[in-house]
Amino acid sequence: RRGGYTFEEVACCIREAARTLFAEYYRNEKNADAASMTTFDGDDPAEKPQEPQFTVIFHDFGVLVGTIFVNRALEEKYFFEHKPPDKVILLDVLVRPHPKFFRKQEQNTTTTTTTRMKEE
């Protein structure tokens, strides 16, 4: 679109793509039967319903709308009728690292500087 898309529109597009993936997974008759099973006596592991592993990967500008999708899938039952993602992978995120990371870097820098000064 010439004017672009809102975060809400893109999050809904991700939801629709995930719905399509789940629909294709459950379209297989064996998986559909397994998903409809409500009881499992535990004797035969083959009887246990097979749930798909749901991993989402978001990169660069997709990180923001991807986290919107994940948060809504977790918090709002009406937003996404399938299970929320099992794993979330974010790439190229420019957020501040944990404060301990900076302390470790400062310690390494101080040690290196001190060692160099002694050598000179």
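Letter 90 of the sequence shown, counting from 1, is numbered 154 in the working numbering, and no numbers are missing. We treat Cβ as the ideally placed atom computed from N, Cα and C, and that holds for glycine.
From the DSSP output, which residues share a beta bridge with residue i?
i      : result
Lys151 : Thr119
With 16 other CB atoms within 10 Å as the buried threshold, where does residue i fall?
i     : result
Ile78 : buried
Ala87 : exposed
Considering only the alpha carbon of each residue, which of the options lies closest to residue i?
i      : options                        : result
Phe122 : Val152, Tyr90, Tyr142          : Val152
Gln114 : Val74, Phe144, Val134, Tyr90   : Tyr90
Pro116 : Thr70, Leu85, Phe125           : Leu85
Phe118 : Val134, Val129, Asp124, Val127 : Val134
Arg71  : Glu80, Ile132, Val120          : In the sequence under discussion, the amino acid at residue 71 is Phe, which differs from the Arg named in the question. Taking only the C-alpha atoms, the option nearest Phe71 is Ile132.
Leu154 : Glu139, Asn92, Leu128, Gly67   : Leu128
Throw me the rounded Cβ distance for the residue i and residue j pair, which I believe falls under 8 angstroms.
i      : j      : result
His146 : Ala75  : Contact flag wrong, Cβ pair sits at about 15 angstroms.
Arg136 : Phe125 : About 18 angstroms; that fails the 8 angstroms criterion.
Going by DSSP, what residue range makes up the alpha helix (DSSP H) through residue i?
i      : result
Tyr90  : 71-91
Arg220 : A query on residue 220 cannot be resolved here, the shown segment of the chain reaching from 65 to 184 and no further.
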